[in-house]
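Down below is the structure, laid out as structure tokens.
Residue numbers (full-length UniProt numbering): 1 to 75.
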């Protein structure tokens, strides 16, 4: 999936992946896609919940070699 911006939060623990994702979302335009790469196991539930509550859309998610990759479309 093509992303307009990639955010690497590998090695960061909660709540930093959410904090940095929120900041990165403010830097892209509505309709653009942010790819977030995280290693924190809690990020899976946290980012899914945050995306829904903040009006964005979680387009896809996958786990690859212990890295969680999210594609979030800005609402």
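Yeah, the Cβ is synthetic: ideal placement off N, Cα and C, and Gly gets one too.
Asked, Found
"Continuous alpha helix (DSSP H) stretch holding residue 22: start and end", "16 to 26"
"Pair within 8 angstroms by beta-carbon distance, residue 58 and residue 68", "no"
"Proximal residues to residue 18 (C-beta, below 6 angstroms), its chain only, five neighbours per side dropped", "46, 50"
"Per-residue burial, residue 60 [other beta carbons within 10 Å of its own, 16 or more giving buried]", "exposed"
"Spatial neighbours of residue 1 in its chain, beta-carbon cut-off 8 angstroms, leaving aside the 5 residues before and after", "33, 35, 59, 60, 71"
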